[in-house]
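Reading through the structure tokens given below for one structure.
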Amino acid sequence: MSAATQARHWYWQRISAMVLAACVLVHLVTIVYAVRSGLSGEALLARTRGSVAFAVFYTMFVLACAVHVPIGLARIAEEWLGWRERASALAARAVALAIVAMGLRAVYAMVFA
Amino acid sequence: MSTLRVSIWRGRDDGRFVTYEVPRQASQTVLDVVTHVQRHVDPSLSYRFACRVGMCGSCAMTVNGVARWTCRTHVSKVVDGKSSNRGGVPVSRPAPMATSDAGDAAVDGTTEGSDGDGGSLTIAPLANLPVIKDLVTDMREFFDKWARAKGQFKGASTRQDDFARVMPASPQRRLADAGIECIGCGVCYASCDVVAWRPDFAGPAALNRAWTLVNDVRDVQQPQRLRAVAGDAGCHACHTQGSCTERCPKQLAPTAAIAGLKRATARAAMRGKL
Amino acid sequence: MKLPVARQAHNHPAWWAYFVHRVSGLALAAFLPLHFWALATAMKGSAGLDAFLRFADRPLFKLGEWGLVVLLAMHMAGGVRVMLIEFRPWSGLRKDWIAAACGFAIATGLAFALALVH
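Each protein sequence line maps, in turn, to chains D, S and W.
Just so you know, the working numbering puts 879 at position 79 of the first sequence, and the rest follows in order with no gaps.
Just so you know, the working numbering puts 616 at position 149 of the second sequence, and the rest follows in order with no gaps.
Just so you know, the working numbering puts 50 at position 65 of the third sequence, and the rest follows in order with no gaps.
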């Protein structure tokens, strides 16, 4: 991986972090609010089903995670587990795809299914 | 007079700690302690020093687990044990310099210490560098990384040209000033986890040097320098652990320099100019 | 013997902030697939979600959830600190933000705990 690519990765991790910081703040408030009124499938889905705002917000959240998480994990794999760069880059790509797939599936299940 | 128990690393990467007894004196530095051992106990002990006043950067060692410049580290500040004189009680008489015979003019700044209870010190060579012998490390890789990070100034003007005028208050001059006092002691390099994890990583000192030159308006190899310090062998491997900034004896902030390089190189990379 | 690695070198707030940031990030990354899987049980309607919620309604799970919420708050606030160091003019290692991140995590943890027992 070229130094320029690594520099861009750093940049994208910071940009995604800025998005995530805002998302997490909203998410934490949402969690506390949702838990407060007691967790039931019906109550949760009543609020999320058909909500475009929910879908847009959490889609953005999932995509930002898909950028942010793999870059961090690749660093840890290299530095703590001694993975080669090629292996960590491949694994990071797989993690990114898994997060997008599983995350969007979850959003779909909460909003549209 | 109390004595200090000093465990000093002997050998190469494979070696052992040997314990010596050194008379505790007022205003004694860790370098004084090592010098005492070499001059009075075991002349085969190897260590480096030159200026003794914090200018040359050659006497850095690991003292009780932390990298420090030993010539300006008082024993009282780092010693383990109760007679550490930590309260900063002023010492009445200055300590004799290294020429003194340890027995005679010694003034013990600590009042409570009885015989032998001058506390203990563990002194090892700097981490993250190959050990040549005892407290002497091989600094080649450390300085080679400065060179690879384009740590050399290269100007375009000749002796026929007028002086370059750089305003002292200009932002770039100020940024360069912030890192210019580095003495190359290697304390930051030895304190950095990322250096241990990524042998290619340039390290805080080399990147700090590069950043002072990035802010030198006279320098003409800026694109090459940014290329040299980008990526995982350069500034982007830094995780802002801050050990370099925390430990720098000159109170410089390599973390700030590295942050500046991260921004400058990422900007260049995003514009396809790296 | 080999020259021992000196762990004392790590013992300062900024290093611990890094360590907490990394470990919390790792824990959150590990939790993420589980969280997505749990939400996807809603694919079968509220019955599916309820089945999972009943399954997760035990003290150990609640404690784990609470821990993750605290880690999320910590990772976020710690991340903001890192970005302030990297993008704003230098003003030290911003240890005030380390304290603030701990405070924010504690406050979030208390709010969540309060919501849980509500």
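Idealized CB from N, CA, C, for every residue including glycine.
Owing to the predicted nature of the structure, the values given are computational and were not obtained by experimental measurement.
Open item on the list: Please state whether the Cβ-Cβ distance between residue 642 of chain S and residue 500 of chain S is less than 9 Å.
Closed with: no
Open item on the list: Taking the beta carbon of residue -14 of chain W as the centre, do at least 16 other beta carbons fall within 10 Å, making it buried, or is it exposed?
Closed with: exposed
- [ ] Rounded to whole angstroms, what's the CA-CA distance from residue 92 of chain W to residue 53 of chain W? Just pull it up for me.
- [x] 14 Å
- [ ] Look at the alpha carbon of residue 578 of chain S and the alpha carbon of residue 471 of chain S, and state the distance between them as a whole number of angstroms.
- [x] With a pLDDT of only 38 at residue 578 of chain S, under 50, the local geometry of the prediction cannot be trusted, and the value read off the model is given with reservation. Going from the Cα of residue 578 of chain S to the Cα of residue 471 of chain S covers about 14 Å.
Open item on the list: Do residue 612 of chain S and residue 670 of chain S count as a contact pair if the criterion is CB distance below 9 Å?
Closed with: yes
TODO: Spell out whether any CB of chain S is found under 9 Å from the CB atom of residue 849 of chain D.
DONE: no
Task: Spatially closest choice to residue 702 of chain S from S:592, S:730, S:531, S:632, by CA coordinates - done: S:730
TODO: Count the other C-beta atoms from every protein chain shown that fall within 10 angstroms of the C-beta of residue -3 of chain W, then say buried if there are 16 or more, exposed otherwise.
DONE: buried
Task: Chain-order list of residues whose beta-carbon lies under 8 Å from that of residue 813 of chain D (same chain, five-residue window excluded) - done: 867, 868, 871, 872
Open item on the list: Using the three-state DSSP reduction, which class does residue 880 of chain D fall into: helix, strand or coil?
Closed with: helix
Task: Whole-angstrom distance between residue 24 of chain W and residue 90 of chain W, CA atom to CA atom - done: 24 Å
Task: Cβ-based contacts, 9 Å cut-off: residues of the stretch 14 to 48 of chain W near chain D - done: 14, 17, 18, 20, 21, 22, 23, 24, 25, 26, 27, 28, 29, 30, 31, 32, 33, 34, 35, 36, 37, 38, 41, 42
Task: Cβ-based burial, residue 617 of chain S [other Cβ within 10 Å; buried from 16] - done: buried
Task: Reduced DSSP secondary structure (H/G/I, E/B, other) of residue 475 of chain S - done: strand
TODO: Compare the beta carbon distance of residue 836 of chain D and residue 103 of chain W with 9 Å and say whether it is the shorter of the two.
DONE: yes
- [ ] Whole angstroms is fine: what's the gap from residue 554 of chain S's alpha carbon to residue 78 of chain W's?
- [x] Residue placement at residue 554 of chain S cannot be trusted, given a pLDDT of 41 that sits under 50; the coordinates are not used to answer.
TODO: Could you check the C-alpha separation between residue 489 of chain S and residue 895 of chain D for me, to the nearest Å?
DONE: 58 Å
Open item on the list: Looking at the secondary structure, which residues open and close the beta strand (DSSP E) in which residue 812 of chain D lies?
Closed with: It is not in any beta strand (DSSP E) - residue 812 of chain D instead sits in the alpha helix (DSSP H) that spans 803 to 836.
Open item on the list: If I measure Cβ to Cβ from residue 699 of chain S and keep anything under 8 Å in the same chain, skipping five residues before and after, which residues do I get?
Closed with: 665, 667, 668
Task: Residue environment, residue 856 of chain D, which counts as buried when at least 16 other CB atoms sit within 10 Å - done: exposed
- [ ] Could you tell me which chain A residues have their CB closer than 7 Å to the CB of residue 598 of chain S, listed as they occur along the chain?
- [x] In the structure shown, chain A cannot be found, because the protein chains are D, S and W.
Task: Cβ pair count under 8 Å reaching 3, the stretch 11 to 23 of chain W against the stretch 838 to 845 of chain D - done: no
Task: Per-residue contacts from residue 54 of chain W into chain D (C-beta, under 8 Å) - done: 828, 831
Task: Cβ-based burial, residue 518 of chain S [other Cβ within 10 Å; buried from 16] - done: exposed
TODO: Run the CB neighbour count on residue 880 of chain D, radius 10 Å, all protein chains shown included, and call it buried at 16 or more, exposed below.
DONE: exposed
Task: Pairwise C-alpha distance: residue 591 of chain S and residue 482 of chain S - done: 11 Å
TODO: Could you give the DSSP three-state label for residue 99 of chain W: helix, strand or coil?
DONE: helix
- [ ] In the DSSP assignment, find the alpha helix (DSSP H) that holds residue 713 of chain S and state where it starts and stops.
- [x] 710 to 714
Open item on the list: To the nearest angstrom, how far is the alpha carbon of residue 688 of chain S from that of residue 70 of chain W?
Closed with: 27 Å
- [ ] Mark residue 728 of chain S as exposed unless 16 or more other C-beta atoms lie within 10 angstroms of its C-beta, in which case mark it buried.
- [x] buried
Task: alpha helix (DSSP H) segment containing residue 537 of chain S, residue limits - done: Careful: residue 537 of chain S lies outside any alpha helix (DSSP H) and carries neither H nor E.
Open item on the list: Just to make sure I have the definition right: I need the residues of chain W whose C-beta is within less than 8 Å of the C-beta of residue 713 of chain S. Which are they?
Closed with: -3, -1, 0, 78
Open item on the list: Are the CB atoms of residue 645 of chain S and residue 594 of chain S within a distance shorter than 9 Å?
Closed with: no
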